[in-house]
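K.L.:
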Amino acid sequence: MAIATTNPATGEIVREFDSLTEDQVDEALDRAVSGFASYRTTSFEQRATWLRATADLLEAEADGVAAMMTEEMGKTLASAKAETLKCAKGFRYYADHGAAMLADEQADAEAVGASRAYMRYQPLGVVLAIMPWNFPLWQAVRFAAPALMAGNVGILKHASNVPQSALYLEDVLHRAGFPESCFQTLLIGSGMIESILRDPRVAAATLTGSEPAGRSVAAIAGDEVKHTVLELGGSDPFIVMPSADIAAAAKTAVTARVQNNGQSCIAAKRFIIHADVYDQFVDHFTEGFRGLVIGDPTDDATDVGPLATEQGRTDLEELVDDAVGKGAKVLIGGSRVERPGWFYQPTILADITDDMEIYSAEAFGPVAALYRVEDIDEAIAIANDTTFGLGGNAWTTDEAEQDQFIDRIESGQVFINGMTTSYPELGFGGIKRSGNGRELTSHGIHEFCNIKTVWIA
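With the UniProt record's numbering as the guide, the letters of the sequence shown map in order to residues 1 to 457.
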């Protein structure tokens with residue numbers, strides 16, 4: 001894929017970029033290693049100061065940054081600005097709490113025959129971050145803020161269709177005071193990832209992306225015995241039981257499915273509805289989809305913009321066509337929007353069966369799959385009948401049912417009577433083929449630390 005900004009709302013190439021040469025990448029890795037030697041000695045206070053300065057710049061520049069992200073990947077201006085401000089919050093969170101998270105963890109010295117015993121958190125070194133286009137800043141900041149606070153340095157290989165967002169993140173960190181060697185964006189194709197990951201100067205890697213990309217990175221890192229954090233795909237269930245507030249559940253379900261134009265790993269994708277409230281929910285849900293405004297993402301009235309890439313729309317079309325060809329019923333939508341750009345109608349499919357691709361594949365766009373179930377056991381069985389395990393939603397006011405969903409849904413996160421989202425204050429990550437490791441909170445900052453045991457006689 002060429003490294004270029006292509007406006008998804010028009011299909012027009014806005015700006016193209018040259019890929020770095022192997023020699024330029026080599027120089028960047030040398031800078032990173034040299035920079036780490038000195039950066040790791042900086043104080044928590046100094047790192048926190050730079051993180052707060054980054055947050056200040058993001059807030060001051062939020063309107064321009066939002067316009068850039070909208071142009072690059074088609075999200076609405078409102079969601080792009082919200083993402084920018086969320087990034088600022090993430091930087092402040094680690095500035096405020098990072099030192100406490102990284103403080104020596106005292107052990108029971110007497111129990112181990114020592115005068116002192118503790119765990120010390122130390123940075124690993126150069127960390128390679130391989131990031132996707134759907135949240136061009138937030139995905140990278142989820143790595144950058146904790147990694148930099150811990151004393152690591154970062155190398156960012158971003159998706160090739162969001163080069164301006166990638167370069168902006170590097171620039172804003174440098175303007176905030178971080179040494180240039182602390183965070184570098186590499187405009188390169190995916191073909192160069194393996195050699196970088198195998199390079200002994202790189203200590204670890206983190207990837208957010210597709211399952212095939214995760215498999216590849218995990219295999220290389222495993223061969224090199226390097227630590228990785230992987231956040232891969234998701235096909236999150238959204239379960240509604242009879243005791244739920246059906247109107248509220250359906251309203252949230254619309255947002256949960258079409259957020260970010262439907263292109264989110266933690267977007268609800270499979271809507272599993274108890275038979276007693278199925279018709280009521282579907283009426284509200286379909287009406288909510290019918291009211292969505294599809295159009296120019298720079299228009300404040302727009303709810304759903306284009307898909308980020310032409311291939312993404314093609315993949316979504318094929319999933320829908322396969323399902324319809326095998327008996328799925330289209331309640332609304334079901335086809336592309338005939339206008340310039342890569343638009344697809346918000347779509348609801350019913351009568352899904354397990355021979356349809358959409359039953360097991362992740363629909364990365366505004367397409368919802370409906371399931372009717374008779375009881376909680378059937379709901380949980382369908383929710384867990386997937387290779388993914390990122391998030392899950394369940395709507396019920398019955399506390400016993402809530403406990404069952406919390407205990408039995410196989411996922412890294414469960415949200416009850418609400419929509420799955422990410423917060424710096426909550427751990428983020430999945431199980432099964434949705435990846436491994438955790439981001440955010442203290443778990444995220446510890447992922448790229450050497451947790452060193454210290455014993456003193």
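Yeah, the Cβ is synthetic: ideal placement off N, Cα and C, and Gly gets one too. All figures in this text were calculated on a predicted structure; none of them were measured in a lab.
1. Identify which residue in Q139, S434, A256 has its Cα closest to the Cα of T386.
2. Taking DSSP as the reference, what is the three-state secondary structure of M119?
3. Could you tell me the alpha carbon to alpha carbon distance between S79 and V112, rounded to whole angstroms?
4. Thinking C-alpha only, which one of I239, V126, A9 is nearest D377?
5. To the nearest angstrom, report how far apart A4 and V454 are at their CA atoms.
6. So, do the region 56 to 67 and the region 6 to 26 have three or more beta carbon pairs nearer to each other than 8 angstroms?
7. Can you tell me the Cα-Cα spacing of H446 and S243, whole angstroms?
8. R282 lies in the alpha helix (DSSP H); which residues open and close that run?
9. What residue range is occupied by the uninterrupted alpha helix (DSSP H) comprising Q263?
10. Taking only heavy atoms of the ligand MG into account, decide whether any of them is closer than 7 angstroms to the Cβ of I13.
11. Is the region 356 to 363 touching the region 334 to 345, taking contact as three or more C-beta pairs under 8 angstroms?
12. Is the beta carbon of G392 closer than 8 angstroms to that of D236?
13. Are T84 and L77 touching if we call contact CB-CB under 8 angstroms?
14. Using a Cβ-Cβ cut-off of 6 angstroms (strictly less than) and excluding sequence neighbours within five positions of M68, which residues of its own chain qualify?
15. Just mark Q345 as buried or exposed, buried being the case when its beta carbon has 16 or more other beta carbons within 10 Å.
16. Under 8 angstroms by Cβ, that's how I've got L156 and L169 pegged, so tell me the actual separation to the nearest angstrom.
17. Specify the secondary structure class of W455 as computed by DSSP and reduced to three states.
18. Restricting to runs no shorter than 4 residues, where is the alpha helix (DSSP H) found entirely within the region 382 to 455?
19. Do the region 47 to 61 and the region 86 to 102 make contact, defined as three or more Cβ pairs closer than 8 angstroms?
20. Using a threshold of 8 angstroms, state whether the C-beta atoms of Q280 and F364 are closer than that.
21. Return the CA-CA distance between E12 and I188, expressed in angstroms with no decimal places.
22. Taking C-beta to C-beta, are L51 and M149 nearer than 8 angstroms?
23. Taking a contact to mean a Cβ-Cβ separation below 8 angstroms, would you say K452 touches G389 in this structure?
24. Since V258 and V304 are thought to touch, with beta carbons under 8 angstroms apart, how far apart are those beta carbons, to the nearest angstrom?
P.N.:
So, to answer that:
1. Here the question's residue 386 lines up with position 386 in the sequence shown. Considering only Q139, S434, A256, the residue with the shortest C-alpha distance to T386 is S434.
2. Within the sequence shown, numbered from 1, the residue matching residue 119 stands at position 119. DSSP, reduced to helix, strand and coil, places M119 within a strand of the structure shown.
3. Here residue 79 is taken as the residue at index 79 of the sequence shown, counted from 1. Here residue 112 is taken as the residue at index 112 of the sequence shown, counted from 1. Between the alpha carbons of S79 and V112 lies a gap of roughly 52 angstroms.
4. Residue numbering aside, residue 377 sits at position 377 when the sequence shown is read from its first letter. Cα-wise, what sits closest to D377 is I239.
5. The residue given as residue 4 occupies position 4 in the sequence shown. The residue given as residue 454 occupies position 454 in the sequence shown. For A4 and V454, the distance between alpha carbons rounds to 49 angstroms.
6. Touching, no, given that fewer than three Cβ pairs across the two stretches are closer than 8 angstroms.
7. Residue mapping note: residue 446 aligns to position 446 of the sequence shown, counting from 1. Residue mapping note: residue 243 aligns to position 243 of the sequence shown, counting from 1. In this structure, the alpha-carbon of H446 lies about 40 angstroms from that of S243.
8. Walking along the sequence shown from the start, residue 282 turns up at place 282. Checking the sequence, you will find Val at residue 282 rather than Arg. Element bounds for V282: 278 to 290.
9. Locating residue 263 in the sequence shown gives position 263, counting from the first residue. First-last for Q263: undefined, no H or E at that position.
10. With respect to the ligand MG, the structure shown offers nothing to examine, as it has no ligands at all.
11. No, the region 356 to 363 is not in contact with the region 334 to 345.
12. Taking the first residue of the sequence shown as 1, we reach residue 236 at position 236. Taking the first residue of the sequence shown as 1, we reach residue 392 at position 392. Result yes, Cβ atoms of D236 and G392 sit closer than 8 angstroms.
13. Counting from one through the sequence shown, the residue named residue 84 turns up at place 84. Counting from one through the sequence shown, the residue named residue 77 turns up at place 77. Between T84 and L77, the CB-CB gap reaches or exceeds 8 angstroms.
14. Within the sequence shown, the letter at position 68 stands for residue 68. Taken in chain order, the residues that qualify are Q164.
15. As a first step, residue 345 must be located in the sequence shown, where it is residue number 345. Counting Cβ neighbours within 10 Å, Q345 comes out buried, since at least 16 surround it.
16. To locate residue 156, count along the sequence shown from 1; it is residue 156. To locate residue 169, count along the sequence shown from 1; it is residue 169. About 7 angstroms separates the two Cβ atoms, so the contact holds.
17. Sequence index remark: in the sequence shown, residue 455 carries index 455 (1-based). Reduced to three states, the DSSP call for W455 is strand.
18. The region 382 to 455 is shown to contain whole alpha helix (DSSP H) runs of 4 or more residues at 399 to 408, 441 to 446, in chain order.
19. Yes, they touch.
20. Here residue 280 corresponds to residue number 280 of the sequence shown, with the count starting at 1. Here residue 364 corresponds to residue number 364 of the sequence shown, with the count starting at 1. Not a contact, by the Cβ cut-off of 8 angstroms.
21. For the purposes of this step, residue 12 is identified with residue 12 of the sequence shown, where counting begins at 1. For the purposes of this step, residue 188 is identified with residue 188 of the sequence shown, where counting begins at 1. Roughly 21 angstroms separates the two Cα atoms.
22. Taking the sequence shown and counting its residues from 1, one reaches residue 51 at position 51. Taking the sequence shown and counting its residues from 1, one reaches residue 149 at position 149. Result yes, Cβ atoms of L51 and M149 sit closer than 8 angstroms.
23. Residue mapping note: residue 452 aligns to position 452 of the sequence shown, counting from 1. Residue mapping note: residue 389 aligns to position 389 of the sequence shown, counting from 1. Contact flag unset, no.
24. Against the sequence shown, residue 258 aligns to sequence position 258. Against the sequence shown, residue 304 aligns to sequence position 304. About 5 angstroms; that satisfies the 8 angstroms criterion.
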